[in-house]
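A.B. asks: Sharing a structure below in structure tokens format, with a few things to ask.
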Amino acid sequence: MEHLAVHAPEAAATYDAVAAATRRSLPEHPDVTAFAEQFAVDVSVLSDEQRAAFLAATGAEAFAVVQRVYVGDVWPRVRSVLDQVLGAGVWPTPDDAAVDELWPLLDDFMRAVARLDALDPVTTELVRLRGARQHDCRVCRSRRSVAALDAGATEETFDELDRWESSTLPEDRKAALGLTDAMIWTPYAVPAEVVAAASDHLTDDQVVEVVLDVARNAANKIAVGLGADAAEVTEGVQLFTTDADGEVSTVPG
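One point on numbering: in this note's numbering, the residue at position 61 of the sequence shown is 61, and numbering is uninterrupted.
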């Protein structure tokens, strides 16, 4: 049975809608291909030359194309990791759906994922920040969740991210971070110890939420890819909240 439909049905519907809208191929241009490949392997080291060549090749369509690059990179990771951790599932191929703009569908997906609540706020924030640091998204790295802070997280908690395996974090949060790293770096060969830790310390709902959180958070690769990820603060951190509809708002400082 398809894992998303069982454990996150609202998010599953938006995931499928995005998949149906992005089945057409990317523009056939070597600079677009090079950009997409580096985007998938490690967007944090995408060079200025690669970015400039991509922008020249895509012109006014750059934002639309990079959204499709993101989906082509991340959507298969979701299927692969969930199948490896929870067992092979059924993933129907959606019918093609012509849309004028993809972003509203991506926004629906991100809001649906933000509404999931199997994870506690601190774990959710650790997963988000781990991805932000791996992708080197400056704006994401500069932000902190009010819900996580209210739940007891501190900067010392977040400092443990870079050494989470040997940290004092509880085992369920370590399992979530191991799954986060697998989604980012080894989605098609999840280490056995990561699978075991997820099975031992996370519920199936939580596994699905971690994977979807990483997919949602990986939208920061769009900003990094386009060089549009500058932080909005020059000192300290910027607080944000997520409301019941999944809408993210920064807190005036």
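Ideal placement from N, C-alpha and C gives every residue a C-beta, glycine not left out. Since we're looking at a predicted model, the values are computed, not measured.
Cβ of residue 203 versus every heavy atom of the ligand FMN: is any distance shorter than 7 Å?
C.D. replies: The ligand FMN is not part of this structure, which contains no ligands at all.
A.B. asks: Ignoring anything shorter than 3 residues or poking outside the region 93-171, list the beta strand (DSSP E) runs there in chain order.
C.D. replies: Correct list: 143-145.
A.B. asks: Go to residue 208, then tell me how far its alpha helix (DSSP H) extends in each direction, as first and last residue.
C.D. replies: To locate residue 208, count along the sequence shown from 1; it is residue 208. Counting along the chain, the alpha helix (DSSP H) containing residue 208 begins and ends at 204-217.
A.B. asks: Would the beta-carbon of residue 177 fall within 8 Å of that of residue 127?
C.D. replies: On the sequence shown, residue 177 is found 177 positions in, with the first residue counted as 1. On the sequence shown, residue 127 is found 127 positions in, with the first residue counted as 1. Yes; because the gap between Cβ atoms is below 8 Å, this pair is in contact.
A.B. asks: How far does the alpha helix (DSSP H) with residue 82 in it reach, from first residue to last?
C.D. replies: In the sequence shown, residue 82 corresponds to position 82, counting from 1. That run of the alpha helix (DSSP H) goes 62-86.
A.B. asks: Would the beta-carbon of residue 67 fall within 8 Å of that of residue 222?
C.D. replies: As a working note, residue 67 is residue 67 in the sequence shown. As a working note, residue 222 is residue 222 in the sequence shown. In contact: residue 67 and residue 222 (Cβ atoms closer than 8 Å).
A.B. asks: Excluding sequence positions up to five away, which residues of its chain have a Cβ less than 6 Å from the Cβ of residue 215?
C.D. replies: By 1-based counting over the sequence shown, the position of residue 215 is 215. 74 and 78.
A.B. asks: Quick check: the Cα distance between residue 27 and residue 54, rounded to an integer number of angstroms?
C.D. replies: Against the sequence shown, residue 27 aligns to sequence position 27. Against the sequence shown, residue 54 aligns to sequence position 54. In a straight line, the C-alpha of residue 27 is about 11 Å away from that of residue 54.
A.B. asks: Measure from the alpha carbon of residue 197 to the alpha carbon of each residue in 180, 100 and 185, then state which is nearest.
C.D. replies: For the purposes of this step, residue 197 is identified with residue 197 of the sequence shown, where counting begins at 1. Looking at the Cα atoms, 180 is the closest of the given residues.
A.B. asks: Using the rule of at least 16 other Cβ atoms within 10 Å of the residue's Cβ for burial, across every protein chain shown, is residue 187 buried or exposed?
C.D. replies: The residue you call residue 187 lines up with position 187 of the sequence shown. Buried, because 16 or more other Cβ atoms sit within 10 Å of the Cβ of residue 187.
A.B. asks: Can the beta-carbon of residue 10 be found less than 8 Å from the beta-carbon of residue 112?
C.D. replies: What you label residue 10 is simply residue 10 of the sequence shown in a count that begins at 1. What you label residue 112 is simply residue 112 of the sequence shown in a count that begins at 1. Closer than 8 Å, so yes.
A.B. asks: Check for me: the alpha helix (DSSP H) holding residue 199 runs from which residue to which?
C.D. replies: As a first step, residue 199 is located in the sequence shown; it is residue number 199 there, counting from the start. Counting along the chain, the alpha helix (DSSP H) containing residue 199 begins and ends at 192-201.
A.B. asks: Let me check one thing: in DSSP terms, what residues is residue 233 bridge-paired to?
C.D. replies: What you label residue 233 is simply residue 233 of the sequence shown in a count that begins at 1. Bridge partners of residue 233: none, in fact.
A.B. asks: Tell me where the alpha helix (DSSP H) around residue 224 begins and ends.
C.D. replies: Taking the sequence shown and counting its residues from 1, the one referred to as residue 224 is at position 224. Segment 220-226, the alpha helix (DSSP H) holding residue 224.
A.B. asks: Helix or strand or just coil, what does DSSP make of residue 249?
C.D. replies: On the sequence shown, position 249 is the one that residue 249 refers to. Three-state DSSP puts residue 249 in a strand.
A.B. asks: Quick check: the Cα distance between residue 201 and residue 12, rounded to an integer number of angstroms?
C.D. replies: Working through the sequence shown from its first residue, we reach residue 201 at position 201. Working through the sequence shown from its first residue, we reach residue 12 at position 12. Near 24 Å, if we compare the C-alpha coordinates of residue 12 and residue 201.
A.B. asks: Name the residue from 106, 165, 189 and 160 whose alpha carbon lies nearest to the alpha carbon of residue 70.
C.D. replies: Numbered from its first residue, the sequence shown carries residue 70 at position 70. Closest option to residue 70, Cα to Cα, is 106.
A.B. asks: For residue 237 versus residue 135, is the C-beta distance shorter than 8 Å?
C.D. replies: Residue numbering aside, residue 237 sits at position 237 when the sequence shown is read from its first letter. Residue numbering aside, residue 135 sits at position 135 when the sequence shown is read from its first letter. No, these two residues do not count as a Cβ contact at 8 Å.
A.B. asks: Quick check on DSSP: helix, strand or coil for residue 241?
C.D. replies: Along the sequence shown, read from residue 1 onward, the residue named residue 241 stands at position 241. DSSP places residue 241 in strand when its eight states are reduced to three.
A.B. asks: My understanding is that residue 89 touches residue 29, with C-beta atoms under 8 Å, so please give their C-beta distance in whole angstroms.
C.D. replies: By 1-based counting over the sequence shown, the position of residue 89 is 89. By 1-based counting over the sequence shown, the position of residue 29 is 29. Not really, about 35 Å apart at Cβ, beyond 8 Å.
A.B. asks: Can you grab the Cα-Cα spacing for the pair residue 171 / residue 137, in whole Å?
C.D. replies: Counting from one through the sequence shown, the residue named residue 171 turns up at place 171. Counting from one through the sequence shown, the residue named residue 137 turns up at place 137. Each residue's alpha carbon lies about 27 Å from the other.
A.B. asks: Could you check which residue in 168, 219, 125 and 243 has the C-alpha nearest to that of residue 40?
C.D. replies: Within the sequence shown, residue 40 is the residue found at index 40, counting from 1. Checked all of 168, 219, 125 and 243; the closest Cα to residue 40 is 219.
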